[in-house]
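Participant: Respectively, the protein sequence lines represent chains A and B.
Letter 6 of the first sequence, counting from 1, is numbered 6 in the working numbering, and no numbers are missing.
Letter 104 of the second sequence, counting from 1, is numbered 104 in the working numbering, and no numbers are missing.
Cβ coordinates follow ideal geometry from the N, Cα and C atoms, glycine included.
Treat the numbers as computed from the prediction; the structure is a model and nothing was measured.
Before we start, here is the structure in question, set down as structure tokens.
There are 2 protein chains.
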Amino acid sequence: MASNLSKMAYDEILKKIVAGEYRQGQLLTEDKLCKELNMSRTPVREALRVLESEGVIKKVNRSYTVIYVTAKEVEFLYEVRIPLEITASGLAAERATEQDIQEMERVLRDVEGETFKENPDPAKLAELNGYFHDILARASGNPFLQSYLREVRLKLRIVRVTLFTSFDRRLDELREHKEIFNAVKARDSSRAREVMSEHERNVLEYLRNRVFPILLQRS
Amino acid sequence: MASNLSKMAYDEILKKIVAGEYRQGQLLTEDKLCKELNMSRTPVREALRVLESEGVIKKVNRSYTVIYVTAKEVEFLYEVRIPLEITASGLAAERATEQDIQEMERVLRDVEGETFKENPDPAKLAELNGYFHDILARASGNPFLQSYLREVRLKLRIVRVTLFTSFDRRLDELREHKEIFNAVKARDSSRAREVMSEHERNVLEYLRNRVFPILLQRS
DNA sequence: ATCATTTGAACTGTATACATTATGGTATAT
DNA sequence: ATATACCATAATGTATACAGTTCAAATGAT
């Protein structure tokens, strides 16, 4: 096998950042990562360079730290995310394959199952809702759009706002995602854009009202 | 000094790709780059990883090649670029500093000078017009938006469509950029979005009519 | 006691040696 | 003549050694 240590290092470090094991602002020294990942500095350094270029970590003095994602950064990320999601939604309505549509349908069924369980799992809901947006981006058929949306959503996951929205808004999320899906399935591009636009604005509104106060408290 | 060899490698390789010295599809082997840049493989490898993560080069089998940017990719890039430029334009109207506005004004004067010279230099025009878009993105105040727009424009430069548009459309470019600038200076966000939208659509239309036929011929 | 200086430890930056894998050519067998 | 197997070569993947820099702690002077 010998599957790329460099890629493994990237995946592992990113996983730990997203999982909150490496916290915002945390110093990532090469030696420590080498020991944790049980490999030499070369693949670790390459992984760090890539993570830096994706904007997930950044240099402070000479070493890397996990980026801080405060309320201000979340606002900035949504300024980018909203037009991109709208674009993706419109294009998906035009280009989604039958398989894309089936996958979206299946994810929505899974979300529905989790939503109406006795004790819905926020992490599970966040994962499934994230997966919905992933498929939609892929269904746009535009690899650049897909890649940029992935990066934006990645940064949002660092601050873990998704956990809040996916749980507290779970009924609205499900309904809104269904509306987006229906527009895509109906090949109605302009409606897909419209409902996505409304969805994203609702999420941002929720974040401003319910999540930012908590974030501000912490920073 | 000892300024980062790794960063130097990144800058140099990118420069050569954009300058067309390393052509689309060209194989970039580490040894060759090491000899050309007169450094060891370590910094070269790191630079290559970053360029890959930015999507400027990509792995084919085990080694890297400069990405191919065909008419299809240009269409995809504009699908992303247009909403981002519109967003940036609107935000710039709200947030541009006095210094941003002065810089844009100065660039437009330079463009005007080059445009009405006896023999306008396409490379110079492309550089100045690119600079205009750079300042506008920065004036949006959103670092993520700025970074994504940089990447998109970078990929477009690989295929060098900018050289065509900046020269053949130089009178229109100047007028349209002035309109964008005037809207930004007047702090009229929705007009800024509108004129940017029209500008980008005009450029894309020009590319489809005049440049894609040539691109398709080559591939 | 405080501040400057020096020294050493810790970390990153770079080069190089070693390991592994892919590829192309050649030789041999059918 | 063609196909297959094997070997050599060249490239990438990884580890490690070495160099240089930074930062902090300890030491010494005022």
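For the stretch 16-45 of chain A, enumerate the residues whose C-beta is nearer than 7 angstroms to any C-beta of chain B, in chain order.
Facilitator: Arg45
Participant: Return the chain-ordered ranges of every beta strand (DSSP E) run that is complete within the stretch 95-166 of chain B and spans a minimum of 3 residues.
Facilitator: none
Participant: Note the first and the last residue of the continuous alpha helix (DSSP H) segment covering Ile67 (chain A).
Facilitator: Per DSSP, Ile67 (chain A) belongs to no alpha helix (DSSP H) and is neither H nor E.
Participant: Taking 8 angstroms as the cut-off, does the stretch 34-47 of chain B touch the stretch 74-87 of chain B (at least 3 CB pairs, one atom from each stretch)?
Facilitator: no
Participant: Mind the definition here: the stretch 124-142 of chain B touches the stretch 96-116 of chain B only if three or more C-beta pairs lie below 8 angstroms; say whether that holds.
Facilitator: yes
Participant: Which of helix, strand or coil does DSSP assign to Val56 (chain A)?
Facilitator: coil
Participant: So, are the CB atoms of Val66 (chain A) and Ile158 (chain A) less than 9 angstroms apart?
Facilitator: yes
Participant: Rounding to the nearest angstrom, what Cα-Cα distance links Ser147 (chain B) and Pro122 (chain B) in this structure?
Facilitator: So the alpha carbons of these two residues sit roughly 25 angstroms apart.
Participant: Closest to Leu37 (chain B) by CA distance: which of B:Glu12, B:Leu28, B:Arg23 and B:Thr165 is it?
Facilitator: When B:Glu12, B:Leu28, B:Arg23 and B:Thr165 are compared, the shortest CA-CA separation from Leu37 (chain B) is found for B:Glu12.
Participant: Which chain B residues sit within Cβ distance under 8 angstroms of Asn142 (chain A)?
Facilitator: Phe76, Glu79 and Val80
Participant: Kindly give me the distance between the Cβ atoms of Val184 (chain B) and Ala192 (chain B), rounded to whole angstroms, as I take these residues to be in contact under 8 angstroms.
Facilitator: About 5 angstroms separates the beta carbon of Val184 (chain B) from that of Ala192 (chain B), a gap short enough to meet the 8 angstroms contact definition.
Participant: How far does the alpha helix (DSSP H) with Met196 (chain A) in it extend, from its first residue to its last?
Facilitator: Ser189 to Tyr206
Participant: Listing by chain order, which chain B residues have their CB less than 7 angstroms from the CB of Leu154 (chain A)?
Facilitator: By Cβ distance, chain B contributes nothing, its closest Cβ being about 11 angstroms from Leu154 (chain A), past 7 angstroms.
Participant: If you count every other CB in all the chains shown that lies within 10 Å of the CB of Leu128 (chain A), and 16 or more means buried, which is it?
Facilitator: buried
Participant: Here's a check: name, in chain order, each residue in its chain whose Cβ is nearer than 8 angstroms to the Cβ of Arg169 (chain A), leaving out the five neighbours to either side.
Facilitator: Asn202, Val203 and Tyr206
Participant: For Leu145 (chain B), go through chain A and note every residue whose CB falls closer than 9 angstroms to its CB, in chain order.
Facilitator: Under the 9 angstroms cutoff, chain A gives Phe76, Glu79 and Val80.
Participant: Looking at the C-beta of Ile86 (chain A), does it have a partner C-beta in chain B at a distance below 9 angstroms?
Facilitator: yes
Participant: Which word fits Lys155 (chain A), buried or exposed, when buried means at least 16 other C-beta atoms lie within 10 angstroms of its C-beta?
Facilitator: Lys155 (chain A) comes out buried.
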